[in-house]
Amino acid sequence: MDKLQPSDFTLLQQSAELLDLCIDKEEQRAELVRKMEAIKQHMDKLRAIVASLPGISISQHDQAKVLTECQMDLDQKLAELEDYAKQSFSLMSLLEEFAEYESASRRHGTGTGTGNGNGNSSIAPAAPSSFPSTRQSEFATSAVDALGLDVDGYIATTLDVEDAPIFSLDTVQFQVPNKIISLAVSNDVLVLIIEGAKVLRIKLQEAHNILEVDIPISPSSLRACNAFLDPTGRHLLLSTPQGENFYHFEGWGQMKPLSKFKNMEVAAIAWNGMAWSAGKSSTKTVLFGTHDGKIYETELRPGNDAKSKRSDIPVKLVTELPVRERVTGIFMEAFPERKKQHLVLIATGTRLYQVIGAADFESRSSGDKGAVFEAMLRDGLTTPNYQEIPGMPGPGALSVYHRKVQSNGQSQTLATDFAWLTSMGVFFGGLTFAAQESGDSVVKNASLLPYPSPSSSSTLQNPKQADDSGADGDNSGLEQPVSLAITEFHILLQYSNCIRAMSMLNSKLVFESYVSSSRSDAELFQGLTVDESKRTCWLFSPLNIYELVVTDEDRDVWDIYLSRRQFDAALKHCYNDSQRDIVLRAQAEHLFADGQLEKSAECFARTSVSFEEASLRFVEIKNNRVLKRYLQTKLSTLRKQDRTQTTLLVMWLIEIYLCMLGSVDAKIASASATDSSRVSDSSPSPSTVVQFELEKEMLLKELYALVDEQKASVDSATAYQLAESHGQRDFWLHYAFLRGDYERVVGYWMEKENHIQAIMVLGHYGTPEMFYKYSPALMSAEPAELVEILMRQPNLTPNKLIPALMQYQEGNTATSGSSQAIRYLRFCIHKQKCRDPIVYNYYLTLLVKETASADESELMSFLTTYGTDMLYDPDYALRMCKRFGRIQSCIHLYSLLKLYEDAVDLALKQGDIELAQIHAERPDDDKLCKRLWLKIAQHVIDAKKPASEVMELVRRSNRLGIEDILPFFPDFTRVDDFKDDICVALEDYEAQIQDLRGEMDEATRTAESMQRDMSSLKNRFAILNVEETCQICTQPLWLRQFYVFPCQHSFHADCLTRRVVGTCNRVQRRRIHELQNQSVEIAKQRRQLRLTPLVSKSKNGADGTRENDEQLEQQLRKVKQQLDALVAGECVLCGEAMIKSIAEPFIDLDEAATASAEDEWAI
């Protein structure tokens, strides 16, 4: 049988993924069924709880709604599961056929793969030039693992990913041309140093391209070397035990010997992480330690090429360790907040040094030849800060783990954990970077982890591999590890014949894999390296390369933290909801037992513990605060569609808050009574009333926040009922405001007779209908405040407030100017420009009633200002003024109604001569004015006023003469007092007679002149040319009757008539037609009259006929004169009618649509 092809693995992997999905769906279905049953069981308990709440009930409809929603959700999930099940059945059949096919092939012995004991199949060696992609190998291996295939190719009984081991050792399918001396991996670049003095550089993403470089050294002398690859995978440094050092940069065809590194065996190197982040081609400043305990500083720069001597890399001795030991590990890291501040860790077989200080980058930038870390390391090692492990020197390997952290809002990689290999065990801990200075420590929570013994294999996650080890591992626990590496949660220990993984959290051995005892020493592990950028681990033996695959390393971390009761850390590492639920339950129970009830309530609310069970637990302890916390947290976990549950929780929370507020109110009342009865001579202690009031304020804030956030879920009727039953006025009002139920708020304040508060609410939130409803009561209670608010409402209709104003006026006895009703109506009329007659009439009524008899200024001002508009009823106003004796207003209204005689009579009756004179001048009729003035004069004379006043009145009137008032004087009145006035009057009459005589003479002359002009008009004539034509039809003028105008324009009579009829108005047109018809009718009568004597004898004889004919001729002449006046009154071409026609269009709009009109104006 042929080998498995990649396409087969692809199909298998896809099948496994789909099968896993089916299993997950089946588990979800079972979980949904379980929850459905639980819901049905818990509904009864929920009803019992809800029934115990006052004012809250859940109907059968709501219960059915909840169950229906759950059932619909379950049916949808079941439908999805059926679809996946159909696919899974066919895939299972395919997998069974594939297993049978593979088993039959193996029984016939045609397979080419052989088991290696590590869960992988060894593929036949290939030449280096055809190096297979390690990613393809990993893909094939992962596909087999995903399907659960064992080494014999059979399908395992379970396909659960969680059952797969965290660590698995896979052999990389690559045949090495020669034995491996050293290996380094970084940034997906793998470097092999093999016997024969060769270097193989492989980019794992392009594994088919292998760069082979010769090392310029005798192949026989290269038996061991240290290979160091920088984090970018571009810079390679090789160091041999003989002190030969070489450098290689990616892309170079050969190695570059480092002459300045002569006789230095580089044992460890600390790369500069800043070079990687800056993206430079050089490594920047790096530190390395040697076998003799010296620390050097250098910077690897590629230069032009490997042959360039000018680009020789410099090196400088920085310091020596206080104790001359081999440097087994070195590491440096810049502080995240202070880039100059650095940490340098130096490891040896017995000590771990910490050096903190500022690197001197300025000396390097200024061209100084001094080392960057020289001063820092020299000062730090003078009085060193180190951790020493007593005993024999250990391997001393140092490994550091980096995590992504946030610094200044940016994500960066920072060292957080370290591990150091000593003779007593693994010394490991965390690294924290803060404000440490020289001499301080960055190590935290450090501890020593003993090496595992053979008996520890019973605790492994992968028992199969422990069983495979057999007797080969009996003595492995007695030897020390050769190397180590640290991952996020584990420490990897590399021995010569095995690899182990120990948990840093519980110090247990979780993985162990041995080299088979049947293999030679050439298969023993030679080294362990980690690619920190890609998080991969690699081992090598002289003949093979291994990758330690890490799968879900943190899958069991939550359980470890849970066993240590570190619940927060456990929650961070939970993989699914079931794990999270287990942690939260354990945390809730722990907190409950520890007395931290509120925190326990929060945890219970986030678990799958039934609502009934958890709530009853907190109800039984009778602690409303804890129950409140549970309900609040439970409420935050509900979905939007869980409306019924949300309403129940919200209403229960409101009930709890109101109970707590009632309890606090009772405490306040009790404390207030205690404080008032306490008598102390010294200064009193702070009252507990303040504390209780603060507590109440906090509870109200929380309650308000709850109803604000869950406004849609609050049952308003129940909320009002609860607030009233608990007597919590503040909450009642807040909720009413929240719902916008302002009318309810106003009604509440009215019921409490707090009219000021009601007016304030109306002013901010009132609608016009609310003002109309509550104004009558408020106007009687607080008229001034209400009117102030009314004047700020522009949307009110004033006439709808008249009932409130009338009710106010009935019980109000305020004097003029103080009436709030008058104030409001004045504002409506003067400021809002109200035009409603009802408002005007009522305002006038109030003015008439409130105006003092001696002061009618405001009433008169109103009548004077709005007298011309007459928006009020003047008759009604007059009746009211008469009723209440407002004399001046009555006189003014008489005058407005044009009852001038009544106005003057009333003014004279009141003895106000001046007012009577004013109104006597108002009529337009001169005769009426004179009659009124005569009344005034008669009144003055009858009052026996001096003659001088009478004459002054006559002169002021400009209408009366002395002769007009003489009859009013008594018969025996002496005329001496006004004799001169009589003489002046006679002289005036004589002058007027002379003027009239002159006017008569002038009129006579004018009449004679007009008579002469008329006579001359009858004899006017015009001289016309024989060829003269009509100005309208252009035909000869002599053909028909015509008109000639002084402007020399001439027209046929019929043409002129048609033109005038077309341009005159409708009345003139109708009159012309009437005159034409009359002219025709008269002409017809004359013709008949002339024919009558010829056929019969007339009764009147010839004289009667002649008389009738003359009458008809006079009528005809009169009609023609009228027709001439209309038709020939002016020339139609240069008269006034032509001037007015300039605004008329040339084309009649009615005729514009006709084709003839368009043709007429066509060019």
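Numbering follows UniProt numbering, in which position 410 of the sequence shown is assigned residue number 410; successive positions increment by one, without gaps.
Quick reminder that beta carbons are idealized off the backbone N, C-alpha and C, glycines included.
Spatial neighbours of residue i in its chain, beta-carbon cut-off 7 Å, leaving aside the 5 residues before and after
i	result
Phe-261	Asn-245, Val-315
Ser-889	Glu-856, Leu-859, Met-860, Leu-863, Cys-881
Arg-565	His-590
Pro-1046	none
Ser-259	Asp-312
Met-274	Lys-284, Ala-334
Thr-432	Val-442, Lys-444
For residue i, three-class secondary structure by DSSP
i	result
Met-502	strand
Trp-420	strand
Met-698	helix
Phe-567	helix
Phe-433	coil
Ala-224	coil
Met-332	strand
Ile-215	coil
Leu-908	helix
Pro-1145	coil
Chain-order list of residues whose beta-carbon lies under 8 Å from that of residue i (same chain, five-residue window excluded)
i	result
Arg-643	Ser-713
Asn-623	Leu-597
Arg-1086	Asp-1109, Leu-1112, Glu-1113, Leu-1116
Arg-826	Tyr-843
Backbone CA spacing between residue i and residue j [nearest angstrom]
i	j	result
Glu-655	Leu-722	7 Å
Gly-662	Gln-728	8 Å
Thr-865	Arg-823	17 Å
Leu-906	Pro-776	40 Å
Ser-780	Thr-868	35 Å
Val-318	Ser-168	42 Å
Cys-1055	Gln-992	56 Å
His-490	Ser-239	30 Å
Leu-1089	Leu-1126	29 Å
Ser-615	Glu-695	25 Å
Ile-621	Lys-534	54 Å
Ala-937	Leu-986	20 Å
Pro-684	Ser-672	Residue placement at Pro-684 is flagged as unreliable, the pLDDT there being 44, under the threshold of 50; a coordinate-derived value is accordingly withheld.
Lys-945	Pro-794	58 Å
Ser-282	Leu-528	26 Å
Met-698	Leu-649	20 Å
Val-151	Pro-219	Any reading at Val-151 is ruled out, since the residue's pLDDT is 31, under 50, leaving its predicted position unreliable.
Ile-166	Phe-373	41 Å
Chain B contact for residue i (CB, 8 Å cutoff)
i	result
Ala-777	Looking for chain B here will not work: only one protein chain is present.
Beta-carbon proximity list for residue i, same chain, < 6 Å, skipping 5 on both sides
i	result
Ala-127	Residue placement at Ala-127 is flagged as unreliable, the pLDDT there being 34, under the threshold of 50; the coordinate-derived value follows with that caveat. Hits under 6 Å: none found.
residue 1170	What is shown of the chain runs 1 to 1163, which leaves residue 1170 out entirely.
Lys-599	Leu-591
Length-filtered (3 minimum) beta strand (DSSP E) runs lying within the region 356 to 397: Listed in chain order, the complete beta strand (DSSP E) runs (minimum 3 residues) inside the region 356 to 397 are 385 to 388.
Specify whether the region 530 to 543 and the region 165 to 183 touch according to this definition: at least 3 beta carbon pairs, one from each stretch, less than 8 Å apart. Yes: at least three Cβ pairs fall under 8 Å.
Specify whether the region 550 to 564 and the region 505 to 514 touch according to this definition: at least 3 beta carbon pairs, one from each stretch, less than 8 Å apart. The region 550 to 564 vs the region 505 to 514: in contact.
Segment contact, 8 Å Cβ cut-off, at least three pairs: the region 289 to 299 with the region 248 to 256: Using a C-beta cut-off of 8 Å, the region 289 to 299 makes no contact with the region 248 to 256, since fewer than three inter-stretch Cβ pairs fall below that distance.
Could you give the uninterrupted runs of the alpha helix (DSSP H) lying entirely in the region 710 to 748, keeping only those of 4 residues or more? Entirely contained in the region 710 to 748, the alpha helix (DSSP H) runs reaching 4 residues are, in chain order, 716 to 726, 729 to 739.
Would you call the region 490 to 504 and the region 434 to 443 in contact, with 3 or more CB pairs under 8 Å? Contact fails: fewer than three Cβ-Cβ distances are below 8 Å.
Would you be able to state if there are at least three C-beta pairs under 8 Å between the region 791 to 804 and the region 827 to 842? Result yes; three or more Cβ-Cβ pairs closer than 8 Å.
Mind the definition here: the region 576 to 589 touches the region 195 to 211 only if three or more C-beta pairs lie below 8 Å; say whether that holds. Counting Cβ pairs under 8 Å, fewer than three are found: no touch.
Taking 8 Å as the cut-off, does the region 1131 to 1139 touch the region 1058 to 1065 (at least 3 CB pairs, one atom from each stretch)? A contact exists between the region 1058 to 1065 and the region 1131 to 1139.
Any chance the region 913 to 925 sits against the region 889 to 904, with 3 or more Cβ pairs inside 8 Å? Note that the region 913 to 925 touches the region 889 to 904; at least 3 beta-carbon pairs, one per stretch, sit closer than 8 Å.
4 or more residues per run - each alpha helix (DSSP H) lying fully within the region 854 to 889: Secondary structure remark: continuous alpha helix (DSSP H) runs of at least 4 residues inside the region 854 to 889, in chain order: 857 to 865, 874 to 883.
Just to confirm the assignment: which complete beta strand (DSSP E) runs, minimum length 3, are found wholly within the UniProt domain "Pep3/Vps18 RING C-terminal" (1027 to 1079)? 1042 to 1044, 1050 to 1052, all fully within the UniProt domain "Pep3/Vps18 RING C-terminal" (1027 to 1079).
If you scan the region 282 to 324 from start to end, which runs of the alpha helix (DSSP H) of 4 or more residues do you find wholly inside it? Scanning the region 282 to 324 from its first residue to its last, no whole alpha helix (DSSP H) run of 4-plus residues comes out.
Answer yes if the region 413 to 423 comes into contact with the region 397 to 404, meaning at least three C-beta pairs across the two stretches below 8 Å, and no otherwise. Cβ pair count under 8 Å is three or more, so yes.
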